[in-house]
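Residue numbers (the numbering used here): 443 to 664. Notes follow once the structure below has been shown.
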Amino acid sequence: MKSKSSKLTAGGENKDNYKKSMGTIQRVVDIIGQLSKKAEPQKIYQVINDCEKTGPLCQACAEKTGADNSYIYEVEPDFWDIPQSCEKCECLLEYKLTEKGAKLELEHFLNKDTKIDLNSAKQCYEIMAVFQAHTNPKLLLNPKKTKPKSIKKLLKLCSKIKDTGIDRGNIMDIMEYNETIIKAEATLKNFTDIGVEEIQRLKELIKNCKYKIKVKEQQLLR
443 MKSKSSKLTA
453 GGENKDNYKK
463 SMGTIQRVVD
473 IIGQLSKKAE
483 PQKIYQVIND
493 CEKTGPLCQA
503 CAEKTGADNS
513 YIYEVEPDFW
523 DIPQSCEKCE
533 CLLEYKLTEK
543 GAKLELEHFL
553 NKDTKIDLNS
563 AKQCYEIMAV
573 FQAHTNPKLL
583 LNPKKTKPKS
593 IKKLLKLCSK
603 IKDTGIDRGN
613 IMDIMEYNET
623 IIKAEATLKN
633 FTDIGVEEIQ
643 RLKELIKNCK
653 YKIKVKEQQL
663 LR
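Next comes the structure, spelled out in structure tokens:
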């Protein structure tokens, strides 16, 4: 089969390697995203009483904390340097990480003393926040603005996540199906002399793998 020539990014990086790295990260993000749905983070509230602010709080704790002359309000979605939880009941609150916060959290999860527990929807949400911050379209998803060190560290986190024991069967199956899809799509894209029957076979393979992935993801959410 004749292969199409690969191209380089502006910085000389092979685009195929870049896409492979991003594909690995995206597959893990898809799984973590599914697992984090059980976290159900609460909106952030603050209470103002006599010019003093109390918070961050969940709505229930804010209402309990507020006095008759206090003002309770929902905090607009914002970026934080650290994960947010209610200072009263410690329930998870909605948040996004700043670039500084994302770097700190990534180092935290890469630390050998930090155990990855995918049974914890809360931790999955926290990990997802790291990925979301690092995969900002203006940074990681743009090859010209890629930060190689960030990609390498994210790939290390992906490896650490894959080494966890939670429902390993379904998670590994999803990753294998995704690998099959990537290889099949690459063959369809990069080789010009494959026959019609092979093209149809690869398209059916991709379709079946995508269906199986949906089934496995639903099993992870049960």
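C-beta atoms are modelled at their ideal positions from N, C-alpha and C, and glycine is treated no differently.
Please tell me whether Gln488 and Val517 are closer than 8 angstroms, where the distance is taken between their beta carbons.
Counting from one through the sequence shown, the residue named residue 488 turns up at place 46. Counting from one through the sequence shown, the residue named residue 517 turns up at place 75. Yes. Within cutoff.
Quick one: measure Cβ to Cβ for Ile474 and Cys531, integer angstroms, because I've assumed they're closer than 8 angstroms.
One-based indexing of the sequence shown puts residue 474 at position 32. One-based indexing of the sequence shown puts residue 531 at position 89. Their Cβ separation, rounded to whole angstroms, is 25 angstroms, which puts Ile474 and Cys531 out of contact at 8 angstroms.
Could you pull the DSSP bridge partners for Leu539 from this structure?
Sequence index remark: in the sequence shown, residue 539 carries index 97 (1-based). DSSP output for Leu539 lists Trp522 as bridge partner(s).
Determine, using beta-carbon pairs with one atom in the region 619-628 and one in the region 649-657, whether at least three such pairs fall under 8 angstroms.
The region 619-628 is in contact with the region 649-657.
Give a yes or no on whether the C-beta atoms belonging to Ile467 and Leu597 are separated by under 8 angstroms.
The count along the sequence shown starts at 1 and reaches residue 467 at position 25. The count along the sequence shown starts at 1 and reaches residue 597 at position 155. Yes, the pair counts as a contact, with Cβ atoms nearer than the cut-off.
Mark Glu482 as exposed unless 16 or more other C-beta atoms lie within 10 angstroms of its C-beta, in which case mark it buried.
Residue 482 sits at position 40 when you count from the first residue of the sequence shown. Classification for Glu482: exposed.
For the candidate residues Thr556, Asp555, Leu546, Lys554, whose alpha-carbon lies nearest to that of Phe573?
Numbered from 1 along the sequence shown, position 131 holds the residue referred to as residue 573. When only C-alpha atoms are compared, the closest one is Leu546.
By Cβ distance below 8 angstroms, which residues in the same chain neighbour Lys604 in space, the five residues on each side in sequence not counted?
Residue 604 sits at position 162 when you count from the first residue of the sequence shown. The residues are Val470, Ile613, Met614, Met617.
Exposed or buried, what is Lys542 when buried is set at 16 or more other beta-carbons lying within 10 Å of its beta-carbon?
Position 100 of the sequence shown, counted from the first residue, corresponds to residue 542. Exposed is the call here.
Starting from Val489, follow its DSSP beta bridges and name the residues at the other end.
The residue labelled residue 489 in the question sits at position 47 within the sequence shown. In DSSP, Val489 forms a bridge with Thr496, Ile514.
Which word fits Lys645, buried or exposed, when buried means at least 16 other C-beta atoms lie within 10 angstroms of its C-beta?
Residue 645 sits at position 203 when you count from the first residue of the sequence shown. Result: exposed.
Using only CA atoms, which one of Cys500, Leu539, Ile514 lies nearest to Ser527?
Residue 527 sits at position 85 when you count from the first residue of the sequence shown. Nearest C-alpha to Ser527: Cys500.
Bridge partners for Ser527 per DSSP, in chain order?
Taking the first residue of the sequence shown as position 1, residue 527 is located at position 85. Answer is Leu534.
Who are the near neighbours of Cys600 in its chain, counting only those whose CB is closer than 7 angstroms to its CB and skipping five residues on each side?
On the sequence shown, position 158 is the one that residue 600 refers to. Here the set comprises Thr466, Ile467, Val470.
Buried or exposed: where does Ile642 fall if 16 or more other Cβ atoms within 10 Å of its Cβ makes it buried?
Along the sequence shown, read from residue 1 onward, the residue named residue 642 stands at position 200. According to the sequence provided, residue 642 is Gln. The question's Ile does not apply to it. Exposed, by the Cβ-count rule.
Using the C-alpha atoms, what's the distance from Asp472 back to Leu539?
The residue given as residue 539 occupies position 97 in the sequence shown. The residue given as residue 472 occupies position 30 in the sequence shown. The alpha-carbon atoms of Leu539 and Asp472 are separated by roughly 19 angstroms.
How many Å lie between Lys554 and Ile569 at the Cα?
Numbered from its first residue, the sequence shown carries residue 554 at position 112. Numbered from its first residue, the sequence shown carries residue 569 at position 127. Rounded to the nearest angstrom, the two C-alpha atoms are 15 angstroms apart.
Taking only the alpha-carbon atoms, compute the straight-line gap between Ile624 and Phe521 and give it to the nearest angstrom.
Stepping through the sequence shown from its first residue, residue 624 is reached at position 182. Stepping through the sequence shown from its first residue, residue 521 is reached at position 79. Each residue's alpha carbon lies about 34 angstroms from the other.
Please classify Ile524: is it buried, with 16 or more other beta-carbons within 10 angstroms of its beta-carbon, or exposed?
If you number the sequence shown from 1, residue 524 lands on position 82. When all chains shown are included, Ile524 counts as exposed.
Would you mind giving the Cβ-Cβ distance between Ile486 and Pro498, rounded to the nearest angstrom? I have them listed as a contact below 8 angstroms.
As a first step, residue 486 must be located in the sequence shown, where it is residue number 44. As a first step, residue 498 must be located in the sequence shown, where it is residue number 56. With 8 angstroms as the limit, Ile486 and Pro498 qualify as a contact, their Cβ atoms being about 5 angstroms apart.
Ala502 to Gly508, Cα distance in whole Å?
Counted from its first residue, the sequence shown places residue 502 at position 60. Counted from its first residue, the sequence shown places residue 508 at position 66. Each residue's Cα considered, the two are about 10 angstroms apart.
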